[in-house]
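If you count the sequence shown from 1, position 38 lands on 37 in numbering that gives the first Met the number 0, and the numbers rise without skipping.
Just so it is clear, CB atoms sit at the ideal spot from N, CA and C, and this is done for glycine as well.
This one's a predicted model, so the numbers in the text were calculated from it and none came from an experiment.
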Amino acid sequence: MSGPAVRFVDTPPSTADVVVIGGGVIGCATAFFAARAGLRVVVLERRAALGTLTTPVSTGAFRLQFDNPEEIAMVREGVDLFDAFGERTGLDGWDLGLNHGGYLFCSLTDATLARSRRLVERQRGWGLTDVELLTGEEARVRWPWLSADVRGARYRADDGWLDPKRLTVGYAVAASNSEHIPDAAPSGEAAFITEAGVTAIRVASGHVQGVETTRGSVGAAAVIIAAGPFLAHVAALAGVHVELRPTRRQKLVIPELPAVPADAPMTIEEETAAHWRPAMHGCLA
Numbered sequence: 000m001s002g003p004a005v006r007f008v009d010t011p012p013s014t015a016d017v018v019v020i021g022g023g024v025i026g027c028a029t030a031f032f033a034a035r036a037g038l039r040v041v042v043l044e045r046r047a048a049l050g051t052l053t054t055p056v057s058t059g060a061f062r063l064q065f066d067n068p069e070e071i072a073m074v075r076e077g078v079d080l081f082d083a084f085g086e087r088t089g090l091d092g093w094d095l096g097l098n099h100g101g102y103l104f105c106s107l108t109d110a111t112l113a114r115s116r117r118l119v120e121r122q123r124g125w126g127l128t129d130v131e132l133l134t135g136e137e138a139r140v141r142w143p144w145l146s147a148d149v150r151g152a153r154y155r156a157d158d159g160w161l162d163p164k165r166l167t168v169g170y171a172v173a174a175s176n177s178e179h180i181p182d183a184a185p186s187g188e189a190a191f192i193t194e195a196g197v198t199a200i201r202v203a204s205g206h207v208q209g210v211e212t213t214r215g216s217v218g219a220a221a222v223i224i225a226a227g228p229f230l231a232h233v234a235a236l237a238g239v240h241v242e243l244r245p246t247r248r249q250k251l252v253i254p255e256l257p258a259v260p261a262d263a264p265m266t267i268e269e270e271t272a273a274h275w276r277p278a279m280h281g282c283l284a
C-alpha cells in the first residue's frame with residue numbers, strides 16, 4: 000500500500016493564491032504553512048527534483064543559543080515542530096533523522112570566554128536556563144578529544160541537527176495532502192512543478208500579478224521568492240534590487256575516525272566559527 004506523496008503537476012493552474020519560487024526546504028515549508036492556512040499554493044522549481052541545490056548540503060543544525068530573545072522564540076517554535084513533525088503534519092512516523100546531539104561552543108581566548116559568559120547570563124534571563132558554562136578542564140573530561148587550547152565552553156544538550164532533505168520532502172508531502180493536516184483550513188492545497196524556470200514576474204501599478212514560467216503562466220497576488228543564492232536574480236524579474244551576492248563556502252565530509260565519536264555534539268570554535276558535527280560514520284566539517 001502506497002503512502003501519501005508529493006502532488007506534482009506538469010503545468011501550473013491559471014491562478015493561485017500564492018506562488019512560491021524555489022523548491023528547497025524554505026519553499027516547501029512555505030507551501031506547508033500556506034496550505035495549512037487554507038491557501039492554494041503552487042511551488043515552482045527549475046531543477047528536476049525538490050531540494051537538490053543548497054538544501055542537501057546544508058549542515059541541517061538547529062540551536063537556541065542565540066543572542067536575542069526574538070530569535071530564540073522563533074527557533075524554539077521550529078524545534079517544537081521538528082519534535083512533533085508526524086503529529087503536526089499528519090505524516091505519522093515521518094523520520095527527519097532528528098538528533099538532539101547538543102551544541103558545544105569552544106572559546107580559545109579569555110576575551111571570547113568572557114563574551115560567552117555574558118551571553119549565557121542574558122540567555123538565562125530570557126528563560127533559556129539549560130545552557131551550561133564549562134571550564135576547559137570540565138569540557139575535556141566530557142569530551143576528551145578537545146584541544147588543550149580550549150579555555151572554556153558553553154553547551155546545550157537539546158540543540159542538534161536533522162536531515163534537511165527529509166524535512167523538505169516531508170513538508171512537500173504534507174502540503175500536497177493538506178486534508179490530513181490537523182486543524183488545517185479546508186480550502187488549502189499545494190501543487191509542485193519541477194523543471195519550471197521563472198522567466199518573468201508580472202507587476203502592475205506596484206502590485207504583483209503572477210509569474211511566467213517555461214511551463215506556462217499562473218496568476219497570483221502573492222509571490223514568495225525562496226530561491227536561495229538566486230534571490231537577487233529572481234527579485235530583479237520584478238524590478239526589485241536586492242543587495243545579495245552568493246559566497247562560496249566549503250564543506251568537508253571526513254570518513255570514520257576513532258577521534259570522532261558518533262555521539263559528539265555539534266562543535267564550534269568561537270573565534271573563527273569553524274565547526275563540525277558527526278555525519279553518518281564520520282563527520283561533516
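Contacting residues, own chain, Cβ-Cβ under 7 angstroms from residue i (five flanking each side not counted)
i: residue 243; result: 230, 231
i: residue 109; result: 150
i: residue 23; result: 50, 52, 53, 54, 167, 225, 227
i: residue 148; result: 107
i: residue 48; result: 193
i: residue 162; result: 59, 95, 96
Same chain, Cβ closer than 6 angstroms to residue i, neighbours up to 5 away in sequence not counted
i: residue 55; result: 164
i: residue 263; result: 277
i: residue 65; result: 71
i: residue 268; result: 105
i: residue 115; result: 106, 153
i: residue 260; result: none
i: residue 87; result: 80
i: residue 78; result: 61
i: residue 145; result: 138, 139
i: residue 170; result: 27, 28, 31
i: residue 84; result: 93, 95
i: residue 159; result: 98, 99, 100
i: residue 68; result: 125
i: residue 202; result: 237
Cutoff 8 angstroms; reference residue i; Cβ partners in own chain excluding five residues on either side
i: residue 124; result: none
i: residue 0; result: With a pLDDT of 47 at residue 0, under the threshold of 50, the predicted position of this residue should be treated as unreliable, though the coordinate-derived value follows. Nothing meets the Cβ criterion.
i: residue 7; result: 190, 191, 192, 193
Residue interval of the alpha helix (DSSP H) (run including residue i)
i: residue 232; result: 230-235
i: residue 180; result: Looking at the DSSP string, residue 180 is not in any alpha helix (DSSP H), and its letter there is neither H nor E.
i: residue 83; result: Counting along the chain, residue 83 falls outside any alpha helix (DSSP H), and DSSP gives it neither H nor E.
i: residue 116; result: 109-124
Extent of the continuous beta strand (DSSP E) run through residue i
i: residue 212; result: 206-212
i: residue 193; result: 188-193
i: residue 49; result: Note, residue 49: premise wrong, no beta strand (DSSP E); not H, not E.
i: residue 202; result: 197-203
i: residue 92; result: Premise fails: residue 92 is in no beta strand (DSSP E) and is neither H nor E.
i: residue 277; result: 274-278
i: residue 134; result: 131-134
i: residue 65; result: No beta strand (DSSP E) contains residue 65, which DSSP labels as neither H nor E.
i: residue 266; result: 265-268
i: residue 215; result: 215-218
i: residue 103; result: 102-106
i: residue 222; result: 222-224
CB-CB length for residue i against residue j, believed under 8 angstroms
i: residue 25; j: residue 233; result: At roughly 13 angstroms, the Cβ-Cβ gap does not stay under 8 angstroms, so residue 25 and residue 233 are not in contact.
i: residue 185; j: residue 37; result: 7 angstroms
i: residue 126; j: residue 265; result: Incorrect: roughly 22 angstroms between the Cβ atoms, too far for contact.
i: residue 11; j: residue 213; result: Contact doesn't hold; Cβ gap of about 11 angstroms is too wide.
i: residue 35; j: residue 180; result: 5 angstroms
i: residue 183; j: residue 16; result: At roughly 14 angstroms, the Cβ-Cβ gap does not stay under 8 angstroms, so residue 183 and residue 16 are not in contact.
i: residue 74; j: residue 217; result: Residue 74 to residue 217, Cβ: 33 angstroms. No contact.
Interface flag, residue i vs chain B, CB-CB below 8 angstroms
i: residue 218; result: Protein chains in the displayed structure number just one, and chain B is not present.
- Three or more C-beta pairs closer than 8 angstroms, one from the stretch 80-98 and one from the stretch 140-155: is that the case here? With a cut-off of 8 angstroms, the stretch 140-155 and the stretch 80-98 do not count as touching, because too few Cβ pairs lie within range.
- Task: Check whether the stretch 131-150 touches the stretch 207-214, taking contact to mean three or more Cβ pairs, one atom from each stretch, closer than 8 angstroms.
- Result: no
- Going along the chain, which unbroken runs of the alpha helix (DSSP H) with 4 or more residues stay wholly within the stretch 7-47? 24-35
- Message: Extract the residue ranges of the alpha helix (DSSP H) inside the stretch 136-179, only unbroken runs of 4 or more that lie entirely within it.
- Response: 163-175
- Examine the Cβ distances between the stretch 180-197 and the stretch 31-51 and report whether three or more of them are shorter than 8 angstroms. yes
- Query: Within the chosen definition, does the stretch 109-122 reach the stretch 170-182 through at least 3 CB pairs nearer than 8 angstroms?
  - Reply: no
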